[in-house]
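Under our numbering, the first residue of the sequence shown carries the number 1, and numbering increases by one thereafter.
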Amino acid sequence: MKVSTEVKLGKHSRFAQQQLPAWRPMITPVIAMISFAIIAIFAFAVGIVCLIANNKLVSVEKRYDDICELNSTCNVTLNIPKEMSGDIYLKYKLTRFYQNHRRFMESRSDSQLKGEYVDFSGMSNDCYKSRSINDSENAENWILPCGLSALSVFNDTFRVASDNVQMKEDGIAWSTDLKWLYKPLNSSYKTGDKWLENNTLFPGGQTNEHFIVWMRVAALPTFSKLYSYCKDCKIPAGDVTIEILNNYPTSSFSGTKSVVLSTESWIGPKNNFLGIAYIVVGCLCVVAIITLFILHVTRPRKLGDPRLVLELINKREEEFSQQTEQ
């Protein structure tokens, strides 16, 4: 088999010397303005579509930790400005709660939550200082499940006081979490403080979907989590009463609690940020087009001819060779 001379050259081949045929666009002012115009049209179109879809949504939020006494049941009235139709979601919202703090999010035993048996030494690695009562090695004092993430589970309850709206609480957790990450507490734990299994607000213990939703760490200190939903429902404009069992204290972290009733679209819950962001990008592109146009008209710059560059290089090489011969 014959091997071409260029392949044999190795580092002196056309490939190594970057002499293969190539093409790249020359960014002239006109091409730049056309490119910005295309981006602006796309950004304006997407931004307008997002804002239109967002304006069709209804979202009502009301703080209740300052009007409901702790460990009591109270009624909170939400004023619905216009009819809510489609999928309706009931969420709770917390502020100043840092679930994303490293010590908080690492204080959990994923193996224990998966249904595996984790002894005291194993819990000491995952749930430091939140593994047992008074940090005792006695199995009767073990906290099951362990960790700050689990122990701080949100335990308020909500009910929409309306016969026309039947909210569902099953199906709020991710199916992958239910299938792979959360299983019943291992039966090998004969003793210990099985606080979650013994809590009537969380039937099923570690497989309770409200517990699973809570355990999915929020990225920001202000967040909302799904509590219940209603598929293809309608709530007319007017007042809607939410019955709340107010159990969760917020004074320890100086936070607030709110209840949110909302609809969602293909872009998610009601939020103008995405649409406004696209509109801003489009406006910046328009500003860039106007700036380039003014500069191109008032201070035009003639593009260089590549052939002149080659002639200049050849001329310099000839001068260098003449100097070398001398």
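Cβ coordinates follow ideal geometry from the N, Cα and C atoms, glycine included. These numbers were taken from a predicted model, which means no experiment stands behind them.
Look at the alpha carbon of L274 and the alpha carbon of P221, and state the distance between them as a whole number of angstroms.
Taking the sequence shown and counting its residues from 1, the one referred to as residue 274 is at position 274. Taking the sequence shown and counting its residues from 1, the one referred to as residue 221 is at position 221. Computed Cα separation, rounded: 20 Å.
Is the beta carbon of A43 less than 9 Å from the beta carbon of W266?
In the sequence shown, the residue the question calls residue 43 occupies position 43. In the sequence shown, the residue the question calls residue 266 occupies position 266. No, the pair does not count as a contact, with Cβ atoms beyond the cut-off.
In whole angstroms, what is the alpha-carbon distance linking S188 and Q99?
As a position in the sequence shown, residue 188 is number 188, starting the count at 1. As a position in the sequence shown, residue 99 is number 99, starting the count at 1. So the two alpha carbons sit approximately 30 Å from each other.
For Y92 versus F158, is the C-beta distance shorter than 9 Å?
Position 92 of the sequence shown, counted from the start, is the residue given in the question as residue 92. Position 158 of the sequence shown, counted from the start, is the residue given in the question as residue 158. Against a cut-off of 9 Å, the Cβ pair of F158 and Y92 comes out as a contact.
What's the gap between the Cα of F36 and the Cα of A277?
Indexing the sequence shown from 1 puts residue 36 at position 36. Indexing the sequence shown from 1 puts residue 277 at position 277. Cα-Cα distance, rounded: 16 Å.
Identify which residue in I172, E116, R108, L113 has its Cα closest to the Cα of S124.
Here the question's residue 124 lines up with position 124 in the sequence shown. Nearest of I172, E116, R108, L113 to S124, Cα basis: R108.
If you compare alpha carbons, which of L261, R216, T256, V49 is closest to E243?
Here residue 243 refers to the residue found at position 243 when the sequence shown is read from its first residue. E243 has its Cα closest to that of L261, out of L261, R216, T256, V49.
If you drop the 5 nearest sequence neighbours on each side, which residues of the same chain put their C-beta closer than 8 Å to that of S162?
Position 162 of the sequence shown, counted from the start, is the residue given in the question as residue 162. Answer for S162: I235, V240, T241, listed in chain order.
Please go through the same chain and pick out, in chain order, the residues whose beta-carbon is closer than 8 Å to the beta-carbon of F320, but skip the five residues on each side of it.
Reading the sequence shown from its first residue, position 320 is the one you call residue 320. Around F320: no qualifying Cβ.
So who's on the other strand from F158, going by DSSP bridges?
Locating residue 158 in the sequence shown gives position 158, where the first residue counts as 1. Paired residues: I244.
Once DSSP output is grouped into helix, strand and coil, what is the label at M26?
Taking the first residue of the sequence shown as 1, we reach residue 26 at position 26. Looking at M26 - three-state DSSP - the assignment turns out to be coil, as it is neither helix nor strand.
Please confirm whether T207 and W142 have their CB atoms less than 9 Å apart.
Taking the sequence shown and counting its residues from 1, the one referred to as residue 207 is at position 207. Taking the sequence shown and counting its residues from 1, the one referred to as residue 142 is at position 142. The answer is no: Cβ separation not under 9 Å.
With burial defined as no fewer than 16 other Cβ atoms inside 10 Å of the residue's Cβ, what is the status of P180: buried or exposed?
To locate residue 180, count along the sequence shown from 1; it is residue 180. Strictly speaking, residue 180 in this sequence is Trp, with Pro absent from that position. It is exposed - the Cβ of W180 has fewer than 16 other Cβ atoms within 10 Å.
Are L226 and V213 touching if we call contact CB-CB under 9 Å?
As a working mapping, residue 226 is identified with position 226 in the sequence shown. As a working mapping, residue 213 is identified with position 213 in the sequence shown. Yes.
Same chain only: Cβ atoms within 7 Å of K270, ignoring 5 sequence neighbours per side
Within the sequence shown, the letter at position 270 stands for residue 270. For K270, where only same-chain residues beyond five positions count, the Cβ hits under 7 Å are N54, L57, S59, S262.
Alpha carbon to alpha carbon, how far is D135 from K129?
Reading the sequence shown from its first residue, position 135 is the one you call residue 135. Reading the sequence shown from its first residue, position 129 is the one you call residue 129. Approximately 6 Å between the Cα atoms of the pair.
Going by DSSP in three states, K82 sits in which element: helix, strand or coil?
Along the sequence shown, one-based indexing puts residue 82 at 82. Reduced to three states, the DSSP call for K82 is coil.
Host alpha helix (DSSP H) of I172 (start-end)
Walking along the sequence shown from the start, residue 172 turns up at place 172. Unbroken run through I172: none, as it is neither H nor E.
Counting pairs of beta carbons, one from the segment 19-31 and one from the segment 288-308, are three or more of them closer than 8 Å?
yes
Pull up the CB-CB distance for A237 and I88, whole angstroms please, since I reckon it's below 8 Å.
The residue labelled residue 237 in the question sits at position 237 within the sequence shown. The residue labelled residue 88 in the question sits at position 88 within the sequence shown. Contact doesn't hold; Cβ gap of about 14 Å is too wide.
Nearest by alpha-carbon distance to G47: which of V280, D110, Q322 is it?
Mapped onto the sequence shown, residue 47 falls at position 47. Minimum Cα distance to G47 is reached at V280.
What do you get for M1, buried or exposed, if any count of 16 or more other CB atoms within 10 angstroms of its CB means buried?
Locating residue 1 in the sequence shown gives position 1, counting from the first residue. Note that M1 scores 48 on pLDDT, short of 50, meaning its location in the model is unreliable; the coordinates nonetheless yield the value given after this. M1 comes out exposed.
Using only alpha-carbon positions, find the residue among C146, G255, W23, T176 that is nearest to E116.
Here residue 116 corresponds to residue number 116 of the sequence shown, with the count starting at 1. Measuring from the Cα of E116, the nearest candidate turns out to be C146.
Would you list the one or two residues that DSSP bridges to G268?
Residue numbering aside, residue 268 sits at position 268 when the sequence shown is read from its first letter. Note: G268 sits in a beta bridge opposite S265.
Using the Cα positions of T73 and M84, report the straight-line distance between them to the nearest angstrom.
Start at 1 with the first residue of the sequence shown, and residue 73 comes out as number 73. Start at 1 with the first residue of the sequence shown, and residue 84 comes out as number 84. Between T73 and M84, the C-alpha separation is close to 26 Å.
Which residues mark the beginning and the end of the beta strand (DSSP E) in which S228 is found?
Along the sequence shown, read from residue 1 onward, the residue named residue 228 stands at position 228. That run of the beta strand (DSSP E) goes 223-235.
If you follow the alpha helix (DSSP H) that S111 is part of, which residue opens it and which one closes it?
Along the sequence shown, read from residue 1 onward, the residue named residue 111 stands at position 111. That run of the alpha helix (DSSP H) goes 110-113.
Which of helix, strand or coil does DSSP assign to L413?
No information on residue 413 is available, as it lies outside the stretch 1 to 326 that the chain covers here.
Nearest-angstrom Cα separation, counted from M215 out to A150:
Along the sequence shown, one-based indexing puts residue 150 at 150. Along the sequence shown, one-based indexing puts residue 215 at 215. Each residue's alpha carbon lies about 7 Å from the other.
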